[in-house]
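Shown next, in structure tokens, is the structure this report addresses.
4 protein chains.
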Amino acid sequence: MIIKLKKNIESRVLDEMKLQLNAFHIKKDTQDLLITSSGIKELPSVFEKNIDDQWVFDSDMQLSSKSFQNTKTEIDLGTVKIGGNTNNTVLIGGPCSVEAEEQIESSAKLLKELNLSILRGGCYKPRTSPYSFQGLGKEGLMLLSEMREKYGLKIISEVRDATHVKDVIEHTDIIQIGAKAMYDQGILRACAQTQKPVMIKRGFGTSLQEFTQAAEFVLSGGNPNVILCERGIRTFETKTRFTLDLCGVAWLQEFSNLPIILDPSHAMGYAYGVPALTKACLAMGVDGLIIEAHPDPKEAKSDASQQLNHQEFKKLHQELVPLANSLGLNLV
Amino acid sequence: MIIKLKKNIESRVLDEMKLQLNAFHIKKDTQDLLITSSGIKELPSVFEKNIDDQWVFDSDMQLSSKSFQNTKTEIDLGTVKIGGNTNNTVLIGGPCSVEAEEQIESSAKLLKELNLSILRGGCYKPRTSPYSFQGLGKEGLMLLSEMREKYGLKIISEVRDATHVKDVIEHTDIIQIGAKAMYDQGILRACAQTQKPVMIKRGFGTSLQEFTQAAEFVLSGGNPNVILCERGIRTFETKTRFTLDLCGVAWLQEFSNLPIILDPSHAMGYAYGVPALTKACLAMGVDGLIIEAHPDPKEAKSDASQQLNHQEFKKLHQELVPLANSLGLNLV
Amino acid sequence: MIIKLKKNIESRVLDEMKLQLNAFHIKKDTQDLLITSSGIKELPSVFEKNIDDQWVFDSDMQLSSKSFQNTKTEIDLGTVKIGGNTNNTVLIGGPCSVEAEEQIESSAKLLKELNLSILRGGCYKPRTSPYSFQGLGKEGLMLLSEMREKYGLKIISEVRDATHVKDVIEHTDIIQIGAKAMYDQGILRACAQTQKPVMIKRGFGTSLQEFTQAAEFVLSGGNPNVILCERGIRTFETKTRFTLDLCGVAWLQEFSNLPIILDPSHAMGYAYGVPALTKACLAMGVDGLIIEAHPDPKEAKSDASQQLNHQEFKKLHQELVPLANSLGLNLV
Amino acid sequence: MIIKLKKNIESRVLDEMKLQLNAFHIKKDTQDLLITSSGIKELPSVFEKNIDDQWVFDSDMQLSSKSFQNTKTEIDLGTVKIGGNTNNTVLIGGPCSVEAEEQIESSAKLLKELNLSILRGGCYKPRTSPYSFQGLGKEGLMLLSEMREKYGLKIISEVRDATHVKDVIEHTDIIQIGAKAMYDQGILRACAQTQKPVMIKRGFGTSLQEFTQAAEFVLSGGNPNVILCERGIRTFETKTRFTLDLCGVAWLQEFSNLPIILDPSHAMGYAYGVPALTKACLAMGVDGLIIEAHPDPKEAKSDASQQLNHQEFKKLHQELVPLANSLGLNLV
């Protein structure tokens, strides 16, 4: 249940309500809200005089639901906005991993050349083997910060676990919580303490219900700037790396109020399929696309097979522009 | 292995090769072909003088593979062509089930009004419960035939099992083999004996490898007119009916030579998601779309929740036209 | 809804009820039953005087449910019984495919030596490729019949599609409907017309709900002798061929009244795992086990990797006996 | 590649090898080992004189593989041993969450009464919703420690994220890394720094390959005391909470050298199926079983539906004893 409190509520009463209802207390726009478990369907009558409005839910998808907030959340990055009623589709590009200054600068220049806004690059790689390249860590974050300064790009990078979450929050413009980390409350609760935008990737074994509930960890802690990212789920099919769940995206568009970014690169796992899938994603009218591109994919230290080279990325961009136009979307 | 025989091969030698290699013999265009298991990687040297060419494969996806035939197969329905180098995307419409003359005629008029070419409607419904509506059977086929005559539309309808396969072959223009019947050799082998186009739907638990091998049953029997249809696979996600596998479609576009039709209606299971998904499918550049539409969906005897009403179908068509134009595709 | 009719119901009234309720009419033991869609929750009051009892259901799992018949169905094969309150666990053995007389006779002798009752062997193989060995067909059924005569064994063999269902019904003691054919109404309806036991294998993409509804096709047609067989479902895990769903078996034991046979050979796909899994299956207290064994697995024409050799089968039998004893089960 | 170093290797050479091969260095029993990526198949010839032995692998499942260490690892908890050649099967019991002193003491007494050794109880619950009960945190760990002192039981409890991993390491005898946290390198690397036993649960979307690689994070850091726990994977079937993957367990038994504990409670999600599944697990000959039991399940603050009450747990124990005896296993 979400409860909108009266403006003049006494702090003593508020504290009692929070305690008795085991509720989160946040301010959202001009509203003062309490959020309880969706199991609570009715407010004790003693509290009724303290509230202006209330919303009852079937499940714990509450703050992120259209039945609470019917308009899409807008994320303001300063130079660019995501979601809301902007009709923007951000095309985020960059390598899987930040590997070296020259490499990431090459990516930054590519984006700049195409008038794009956001650079991606992993520094803390959530590899499934200890024997693989694990990322440059904080050194990578510093290289990304350099690119922000030099090229005026916004930066998105992934947090792997709670031990370095503060560094990622500090040095990025959008904090990415990866598919393997999205249940991590150490990360989610830290991201709830900031106002920086957070992009949560759906785990490959994660239901849509759980996905939106991960967002609730951030939203109920007071950070409204959450973006959802579908990047493929694990199914029986092995010819492709994962299965991009666009039916799930249609569900999110219908029932959630959060902006949506799609990641066809990880879903497909092979560069040959990325252009066609990216067009499909764009045609769904989503708020963003995140595409892996590397100056020299076959030399990449991670995800070599799925990254586009810069020539392919430019060609894809060129094909997306008329498609975006015909759909009334701005590719930024 | 596929073997291209010399023109002047003696029938005695041909018979011996077929027997010894346990091979299928077909004529394709002007070629005389033998097809064996892909386990055979080398031809016995005694036969070498009888062949013009040979292709070796990693798997039993042979006739349907780009490594055998690099161009997309064209299906000629007379009034309309599918695949090949036509840049056509057929928009097939109609109800889940043929229920009554008035209903199916309403569907036929809708298609005619929009200048579309192919009418769908199920007569033998592969329901999972014996207690559900099972379809009108041959009576339904007769109603569809009437629509063909009256409106000049082509007809696609589904065969449920081998007991009525001859009727479906006789009365349709495209034989649909449904997701639950696609391993049925009684059906596949019967469809191999005709030259009528066959659209094979991927089973919801079927791998891409098995999917293309189902096509091989028809192709190796001598019918080259096979279309593949992706309609959603079964995954852990239950908010939507199935999960449309567009990564799999990208794989098929890369490795198979068969035209592809997509069915977002069955994948999604809910009408609200069908328009966005249909646009995504179109943007992938596929050869066809099959969309369920019913004059009055809430009264439908099957799949009530996923059928568009005719107003929604027209609106979707209107949105698809500029998208198709921007992609260089003809919506027919 | 299942309706138990009064003994003296007039045939005119019965016909009217069948027509109006769109119901199946069967005799079960001494009862006269009508079965309608589970969507019908209440009987029209005009019919109330004609009935003795009625059962209402949440889903179309009706005749197969414990809420209709609380005791497990018993299948009587003459020489051996399955299910009911027998505490029997049948250990069915034999090769994947019947390949030759010598081979199948070797299997028959093995079973005889161990005092087992039922011989398996495929004749119509539902291969996913047209280029693989497809089985001996009717010739195989004849060889199995010979083994029945010579060794007093009961025979189970699989029907692939509706074109040969009559032959399989005629020449087997248990008709097997395989995982790929279990939605095939041509087969299911034919099996409903006989009283021969039918073992339905769960499709690898089939939900438990659909699985029991496949049984309803046979039961509602008047054949009560249905056995369910779990043989592994398709999941994201590829180290093993399928994933044996013993949680699903626990659900079936709780909610269905049909005997259950488990097939660890197909689930695992590799002989090394079959003994441990077979013990797990036995410990669940199921009514039967079906294990593939071949005199010389590496020469087998199908499923070479998962078949035990006869030495391994004997060793497994030896280990199962004390386990069965400790569980109070008879291995027959 | 795993490399066994010569005893007398100079530290300068060792450092150079580590650096050049990007290798982990551990001492295991009396051996000095370097572990590199499995991508390295051959040692630079300059290093050959410094090694005694080497093992080459197909994948990064190296230290945990039977091809490196053919015997099962033994975990010594002092009062009880797990794995090795003990023939022990530990039956771990206790509630989903530690809720109160009285509750957890009731569980401790139950185990003591049955001569069992290890008490489970969650303190940091990895709930998927922020609005659910999140566990007692450190207070719960203190209650578990009390039970250790008072009843001589060993304690297993779960770490949710890296923010409290030190507390869990300090206050438990076996550190549990849950299904949602098993990719968390903050946790895995912390557990590699201790010698305390670590039980890693397989994620519900985790492949067997990734599962064993999670163990490699701990093993390659120098902690050999790793146990694997299968607790059900997520599949299309929704009648049960998850699908217990016993085929996967057979694979682990064949290819991994780590002890295995099974968790049928979480897999099934419903108490009615737990006894039959537990017997199946025991019959596979695994090293342990972990079963949720609560003094009053319907009042439990988490997982109410799947916990046995104490009467049911005792009855299950009673049925397991003869089964264990017939299998030559000690239930401890």
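Chains as they are written, first to last, in numbering that gives the first Met the number 0: chain A, 0 to 331; chain B, 0 to 331; chain C, 0 to 331; chain D, 0 to 331.
Beta carbons: idealized from backbone N, C-alpha and C, even for Gly.
Item to complete: Check whether the Cβ atoms of I103 of chain C and L140 of chain C lie closer than 8 Å to each other.
Response: Counting from 1 along the third sequence, the entry for residue 103 of chain C is found at position 104. Counting from 1 along the third sequence, the entry for residue 140 of chain C is found at position 141. Not closer than 8 Å, so no.
Worksheet item: Under the DSSP definition of a beta bridge, which residues are partnered with G220 of chain A?
Response: The residue given as residue 220 of chain A occupies position 221 in the first sequence. Looking at the DSSP assignment, G220 of chain A forms no beta bridge with any residue, so it has no partner.
Item to complete: Only counting runs of 3 or more residues, tell me where the beta strand (DSSP E) segments fall wholly within the stretch 207–257 of chain B, in order along the chain.
Response: 225–229
Worksheet item: Got a sec, what are the start and stop residues for the alpha helix (DSSP H) H309 of chain D sits in?
Response: As a first step, residue 309 of chain D is located in the fourth sequence; it is residue number 310 there, counting from the start. H309 to L326 is the span of the alpha helix (DSSP H), which, as asked, contains H309 of chain D.
Worksheet item: By the criterion of Cβ-Cβ separation under 7 Å, what are the contact partners of D244 of chain C in chain D?
Response: Here residue 244 of chain C refers to the residue found at position 245 of the third sequence. Ordered by position in chain D, the residues that pass the 7 Å Cβ test against D244 of chain C are E236 and T242.
Discussion item. Looking at F46 of chain B: is its Cβ nearer than 8 Å to the Cβ of I34 of chain B?
Written reply: Within the second sequence, numbered from 1, the residue matching residue 46 of chain B stands at position 47. Within the second sequence, numbered from 1, the residue matching residue 34 of chain B stands at position 35. Contact: no.
Fill in: Collapsed DSSP secondary structure at G151 of chain B in the structure displayed
The sequence position of residue 151 of chain B within the second sequence is 152, counting from 1. Correct three-state label for G151 of chain B: coil.
Practice prompt. Could you check if G134 of chain B is buried or exposed, using at least 16 other CB atoms within 10 Å of its CB as the buried criterion?
Written response: Position 135 of the second sequence, counted from the first residue, corresponds to residue 134 of chain B. That one is buried.
Fill in: Residue range of the beta strand (DSSP E) that includes R188 of chain C
On the third sequence, position 189 is the one that residue 188 of chain C refers to. Element bounds for R188 of chain C: not the beta strand (DSSP E) but the alpha helix (DSSP H), Q184 to A191.
Item to complete: Spatial neighbours of I173 of chain D within its chain, please: CB distance less than 6 Å, with the 5 preceding and 5 following residues excluded, ordered by chain position.
Response: By 1-based counting over the fourth sequence, the position of residue 173 of chain D is 174. Closer than 6 Å at the Cβ level, and outside the excluded window around I173 of chain D, lie I155, P196 and M198.
Worksheet item: Over what stretch of residues does the beta strand (DSSP E) that includes M198 of chain D continue unbroken?
Response: Mapped onto the fourth sequence, residue 198 of chain D falls at position 199. Taken as a continuous stretch (DSSP letters only), the beta strand (DSSP E) holding M198 of chain D covers V197 to K200.
Worksheet item: Is it true that the CB of D59 of chain A sits closer than 8 Å to the CB of S58 of chain D?
Response: Here residue 58 of chain D refers to the residue found at position 59 of the fourth sequence. Here residue 59 of chain A refers to the residue found at position 60 of the first sequence. No, the pair does not count as a contact, with Cβ atoms beyond the cut-off.
Discussion item. If you reduce the DSSP assignment to three classes, tell me which class G139 of chain C lands in.
Written reply: In the third sequence, the residue the question calls residue 139 of chain C occupies position 140. G139 of chain C: helix per DSSP, three-state reduction.
Worksheet item: Exposed or buried, N21 of chain D, counting other C-beta atoms within 10 Å across all chains shown (16 or more means buried)?
Response: The sequence position of residue 21 of chain D within the fourth sequence is 22, counting from 1. So N21 of chain D ends up on the exposed side.
Fill in: Whole-Å CB distance - F132 of chain C paired with S106 of chain C, under 8 Å assumed
Here the question's residue 132 of chain C lines up with position 133 in the third sequence. Here the question's residue 106 of chain C lines up with position 107 in the third sequence. The Cβ separation is near 17 Å, so there is no contact.
Discussion item. Can you confirm whether P296 of chain C, when its beta carbon is compared against all beta carbons of chain B, has any partner nearer than 8 Å?
Written reply: Reading the third sequence from its first residue, position 297 is the one you call residue 296 of chain C. Not one chain B Cβ lies under 8 Å of P296 of chain C.
Worksheet item: Beta-carbon of A161 of chain A versus every beta-carbon of chain D: anything under 8 Å?
Response: In the first sequence, counting from the first residue as 1, residue 161 of chain A sits at position 162. Output row for A161 of chain A: interface = yes.
Worksheet item: Over what stretch of residues does the alpha helix (DSSP H) that includes V273 of chain A continue unbroken?
Response: What you label residue 273 of chain A is simply residue 274 of the first sequence in a count that begins at 1. Unbroken alpha helix (DSSP H) run through V273 of chain A: V273 to A282.
Practice prompt. Determine which residues share a DSSP beta bridge with L90 of chain C and list them.
Written response: In the third sequence, the residue the question calls residue 90 of chain C occupies position 91. C:L288, per the DSSP bridge assignment.
Discussion item. Counting C-beta neighbours from all protein chains within 10 Å, is the total for S332 of chain C 16 or more, i.e. buried, or is it exposed?
Written reply: The shown model of chain C, from 0 to 331, leaves out residue 332 of chain C, and the question about it has no answer.
Worksheet entry | Short CB-CB distance (under 8 Å) between R126 of chain B and chain D | Counted from its first residue, the second sequence places residue 126 of chain B at position 127. Chain D contact via Cβ: absent.
Fill in: Burial state of T29 of chain A, where buried means 16 or more other Cβ atoms lie within 10 Å
Translated into the one-based positions of the first sequence, residue 29 of chain A becomes position 30. Exposed is the call here.
Item to complete: Taking all protein chains shown into account, decide if T415 of chain B is buried (16 or more other Cβ within 10 angstroms of its Cβ) or exposed.
Response: A query on residue 415 of chain B cannot be resolved here, the shown segment of chain B reaching from 0 to 331 and no further.
Discussion item. What would DSSP say about D75 of chain A, mapped onto helix, strand or coil?
Written reply: Taking the first residue of the first sequence as position 1, residue 75 of chain A is located at position 76. D75 of chain A falls in the strand class under three-state DSSP.
Worksheet item: Whose Cβ in chain C lies nearer than 8 Å to the Cβ of Y182 of chain D?
Response: Looking up residue 182 of chain D in the fourth sequence gives position 183. Neighbours of Y182 of chain D on chain C: none; closest Cβ ~15 Å, over 8 Å.
Discussion item. Going by the DSSP bridge assignment, what does L4 of chain D pair with across the sheet?
Written reply: Within the fourth sequence, the letter at position 5 stands for residue 4 of chain D. Paired residue(s): D:I50.
Worksheet item: Under the three-state reduction of DSSP, which class applies to Q61 of chain D: helix, strand or coil?
Response: Walking along the fourth sequence from the start, residue 61 of chain D turns up at place 62. Three-state result, Q61 of chain D: coil.
Discussion item. Would A214 of chain B and L152 of chain B be called neighbours here (beta carbons separated by less than 8 Å)?
Written reply: As a working mapping, residue 214 of chain B is identified with position 215 in the second sequence. As a working mapping, residue 152 of chain B is identified with position 153 in the second sequence. No; because the gap between Cβ atoms is not below 8 Å, this pair is not in contact.
Fill in: Own chain residues within Cβ distance below 6 Å of N308 of chain B, not counting five before or after
As a first step, residue 308 of chain B is located in the second sequence; it is residue number 309 there, counting from the start. Within the same chain, N308 of chain B has close Cβ partners P296.
Discussion item. Counting C-beta neighbours from all protein chains within 10 Å, is the total for A292 of chain D 16 or more, i.e. buried, or is it exposed?
Written reply: Taking the fourth sequence and counting its residues from 1, one reaches residue 292 of chain D at position 293. Buried, because 16 or more other Cβ atoms sit within 10 Å of the Cβ of A292 of chain D.
Worksheet item: Which chain B residues sit within Cβ distance under 8 Å of P258 of chain A?
Response: Within the first sequence, the letter at position 259 stands for residue 258 of chain A. Ordered by position in chain B, no residue passes the 8 Å Cβ test against P258 of chain A, which lies about 15 Å from the chain.
Worksheet item: Are the beta-carbon atoms of N86 of chain A and G272 of chain A separated by less than 8 Å?
Response: To locate residue 86 of chain A, count along the first sequence from 1; it is residue 87. To locate residue 272 of chain A, count along the first sequence from 1; it is residue 273. For N86 of chain A and G272 of chain A, no; Cβs fall outside 8 Å.
Worksheet item: Which residue comes first and which comes last in the alpha helix (DSSP H) that contains D31 of chain C?
Response: Position 32 of the third sequence holds residue 31 of chain C. Looking at the DSSP string, D31 of chain C is not in any alpha helix (DSSP H); the run it does join, the beta strand (DSSP E), is Q30 to I34.
Worksheet item: What are the start and end residues of the alpha helix (DSSP H) that includes H170 of chain D?
Response: Your numbering for residue 170 of chain D matches position 171 in the fourth sequence. Where H170 of chain D is concerned, the enclosing alpha helix (DSSP H) stretches over V164 to H170.
Discussion item. Just to confirm, is the Cβ distance from H316 of chain C to L90 of chain C under 8 Å?
Written reply: Numbered from 1 along the third sequence, position 317 holds the residue referred to as residue 316 of chain C. Numbered from 1 along the third sequence, position 91 holds the residue referred to as residue 90 of chain C. Against a cut-off of 8 Å, the Cβ pair of L90 of chain C and H316 of chain C comes out as a contact.
Discussion item. Between the stretch 108–128 of chain C and the stretch 201–220 of chain B, can you find at least three pairs of beta-carbon atoms closer than 8 Å?
Written reply: yes
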